[in-house]
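K.L.:
Protein chains in written order, with the UniProt record's numbering: chain V, 1 to 413; chain W, 1 to 98.
1. Report the three-state DSSP secondary structure of residue 137 (chain V) (helix, strand or coil).
2. Any beta carbon from chain V within less than 7 Å of residue 44 (chain W)'s own beta carbon?
3. Measure the Cβ-Cβ separation of residue 65 (chain W) and residue 52 (chain W) and say whether it is below 7 Å.
4. Return no unless some Cβ of chain W is closer than 7 Å to the Cβ of residue 233 (chain V).
5. Near residue 254 (chain V), what residues of its chain come up, given a Cβ to Cβ distance below 8 Å and the 5 sequence neighbours on each side ignored?
6. Any beta-carbon of chain V closer than 7 Å to the one on residue 35 (chain W)?
7. At what residues does the alpha helix (DSSP H) containing residue 306 (chain V) begin and finish?
8. Can you tell me whether residue 98 (chain V) is helix, strand or coil according to DSSP?
9. Which residues mark the beginning and the end of the alpha helix (DSSP H) in which residue 414 (chain V) is found?
10. Kindly say whether residue 71 (chain W), judged by its beta-carbon, lies nearer than 7 Å to any beta-carbon of chain V.
11. Per DSSP, which residues does residue 163 (chain V) bridge with? Please list them.
12. What separation, rounded to the nearest whole angstrom, lies between the Cα atoms of residue 70 (chain V) and residue 357 (chain V)?
13. Note the first and the last residue of the continuous alpha helix (DSSP H) segment covering residue 184 (chain V).
14. In whole angstroms, give me the CA-to-CA distance for residue 88 (chain V) and residue 131 (chain V).
15. Could you confirm whether any beta carbon from chain W is found closer than 7 Å to the beta carbon of residue 394 (chain V)?
16. Mark residue 341 (chain V) as exposed unless 16 or more other C-beta atoms lie within 10 angstroms of its C-beta, in which case mark it buried.
17. Of all the residues that make up the segment 44 to 63 of chain W, which are near chain V by a beta-carbon distance shorter than 7 Å?
18. Comparing alpha-carbon positions, which option in V:197, V:306, V:183 and V:328 lies nearest residue 13 (chain W)?
19. Report yes if the CB atom of residue 44 (chain V) is closer than 7 Å to the CB atom of residue 376 (chain V), and no otherwise.
20. Please report the straight-line C-alpha distance between residue 102 (chain W) and residue 123 (chain V), rounded to a whole angstrom.
21. Kindly indicate the opening and closing residues of the alpha helix (DSSP H) around residue 70 (chain W).
22. I'd like to check one pair, residue 217 (chain V) with residue 204 (chain V): are the Cβ atoms closer than 7 Å?
23. Report the partner residues of residue 357 (chain V) according to the DSSP bridge assignment.
24. Would you please state the rounded distance, in angstroms, between the beta carbons of residue 140 (chain V) and residue 405 (chain V)? I believe it to be under 8 Å.
25. Hey, is residue 244 (chain V)'s beta-carbon within less than 7 Å of any beta-carbon in chain W?
26. Using the DSSP secondary-structure output, state which residues sit across from residue 5 (chain W) in a beta bridge.
27. Can you tell me which of the three DSSP states residue 32 (chain W) falls into?
28. Please list the terminal residues of the continuous alpha helix (DSSP H) segment that includes residue 47 (chain V).
29. Hey, could you find the ends of the alpha helix (DSSP H) residue 4 (chain V) is sitting in?
30. Could you tell me whether the Cβ of residue 205 (chain V) comes closer than 7 Å to any Cβ of chain W?
31. Looking at the C-beta of residue 38 (chain W), does it have a partner C-beta in chain V at a distance below 7 Å?
32. Within 8 Å, do at least three Cβ pairs link the segment 95 to 112 of chain V to the segment 160 to 170 of chain V?
33. In the DSSP assignment, what residue or residues form a beta bridge with residue 219 (chain V)?
34. Would you report the Cα separation of residue 250 (chain V) and residue 4 (chain V), rounded to the nearest angstrom?
35. At a Cβ threshold of 7 Å, is residue 340 (chain V) touching chain W?
36. Can you give the Cα-Cα distance for residue 177 (chain V) and residue 292 (chain V), rounded to whole angstroms?
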């Protein structure tokens with residue numbers, strides 16, 4: 001019998017890797033309080049500790065780490081957006097993702113598969129040309145490809161789905177995927193190692209604002225003073241902002257997704273079609289993940305509906321007809337904080353020392369590293385907004401300077 | 001299929017309707033500031049709870065109001081806009097002739 005089996009099988013004393021220290025009482029005061037323990041909140045905490053030596057930080061999470069949209073998205077990483085502001089920002093994120101496993105010494109299963117977006121109309125082909133050129137200008141690897149090239153890339157794809165034949169594709173070589181919950185855990189582990197406190201099951205009940213500044217946060221476990229606070233709560237951004245006394249240009253819609261049982265590998269790239277409102281990828285375990293457009297009306301609820309599943313499956317089968325026999329394994333939804341221009345809101349809020357990491361709608365996961373890094377830089381500097389995220393400030397709506405990413409975002413993630 | 005009760009057409013499948021956004025007072029576009037207009041156009045209460053919102057029955061192009069709970073998705077009441085709007089709202093901007 002192997003010695004290890006005897007040794008650890010008969011003893012209650014065996015080596016345990018502790019990634020997160022056990023929970024402790026809240027301290028009366030922190031320099032920075034981050035509300036929301038998803039990928040974004042944890043990334044901000046990590047970069048604050050790593051680059052700015054700010055470790056008197058608490059991350060407050062009302063449930064468990066990464067239990068919100070961090071682990072509900074379809075884990076698409078890409079930077080083939082339309083605007084120069086968007087492309088610059090998301091490209092930096094892709095670069096950080098590429099090195100994340102090494103940085104954490106923790107495998108986030110980053111896998112560069114490339115992303116293929118399909119055009120079914122002339123208008124989409126034109127927008128693809130523009131996106132390809134903007135991407136190349138900023139060093140991205142994005143090209144227009146024709147039907148023959150698409151066929152070679154994804155032989156199993158149906159190029160003539162019903163009334164919408166595929167005309168061309170936008171082939172984004174930098175497109176990738178990663179294990180989304182591992183990204184959150186990696187940030188949590190490394191942040192905790194540097195002294196950041198992560199408090200799960202800690203719900204923020206009220207924000208104490210005095211003279212235009214946030215001074216304390218009331219939670220179900222007591223009140224804590226704070227030097228400043230950041231909200232990173234995705235679908236519930238408006239609810240928290242209301243407690244701080246202001247409104248946001250955000251509407252919360254559910255987004256539903258689903259996954260089949262594992263099948264043998266047939267699909268390497270991530271494939272999406274905004275005309276069919278469907279994007280498809282095969283995970284490293286062989287499951288086929290389907291995501292689609294948001295629900296047709298706002299709701300703070302993660303329930304699934306038959307109508308959305310029906311339309312998503314119909315589109316998925318148009319793209320890959322042989323999947324008609326595949327069995328669904330799971331379905332789920334997340335509440336997404338949609339902005340009018342499909343770009344995020346980062347930076348200052350009407351409260352002086354209260355910062356926003358919101359409006360991430362259906363595009364938040366791919367921005368986790370760069371958002372964390374730039375938001376940490378801003379928090380550390382006492383509110384100076386880094387150049388990279390200047391275009392995404394809340395003020396852009398009042399100034400009519402929106403960053404329109406609708407075409408490059410809607411149902412193509 | 002979720003059912004919505006249209007004040008004009010009775011109970012119908014919710015897929016026959018489109019959502020038109022929360023009911024909010026419109027500032028006068030000719031006199032309000034840019035900031036007020038941006039607030040009206042882009043910002044939202046996005047309330048988690050009971051709200052009053054616009055809906056349209058697509059087949060009959062009929063706009064009406066609904067009270068709905070945005071957490072439970074329960075439709076509490078639907079009613080004709082005449083309950084709130086007694087007179088027509090004019091959107092046309094008076095042109096200045098030089």
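Glycine included, every Cβ here is placed at the ideal spot set by N, Cα and C.
P.N.:
Considering the structure as presented:
1. Here residue 137 (chain V) sits in helix by DSSP.
2. yes
3. Yes, the pair counts as a contact, with Cβ atoms nearer than the cut-off.
4. no
5. 294, 295, 299, 301, 302, 303, 333, 334, 335 and 336
6. yes
7. If you look at residue 306 (chain V), you'll find it in the alpha helix (DSSP H) that goes 306 to 319.
8. helix
9. The structure shown does not extend to residue 414 (chain V), since chain V spans only 1 to 413, so no value can be given for it.
10. yes
11. Bridge partners of residue 163 (chain V): none, in fact.
12. 14 Å
13. For residue 184 (chain V), the uninterrupted alpha helix (DSSP H) segment begins and ends at 180 to 193.
14. 12 Å
15. no
16. buried
17. Cβ contacts with chain V: 44, 45, 46 and 48.
18. V:306
19. yes
20. Because residue 102 (chain W) is not part of the residues shown, which for chain W are 1 to 98, the question remains open.
21. No alpha helix (DSSP H) holds residue 70 (chain W); DSSP gives it neither H nor E.
22. yes
23. Within the DSSP secondary-structure output, residue 357 (chain V) pairs in a beta bridge with V:346.
24. With a Cβ gap of about 15 Å, residue 140 (chain V) and residue 405 (chain V) do not count as contacting.
25. No, because no Cβ of chain W sits closer than 7 Å to the Cβ of residue 244 (chain V).
26. W:11
27. coil
28. Boundaries of the alpha helix (DSSP H) harbouring residue 47 (chain V): 39 to 52, taken from the DSSP string.
29. 3 to 9
30. no
31. Yes, contact with chain V.
32. no
33. V:204 and V:222
34. 55 Å
35. yes
36. 17 Å
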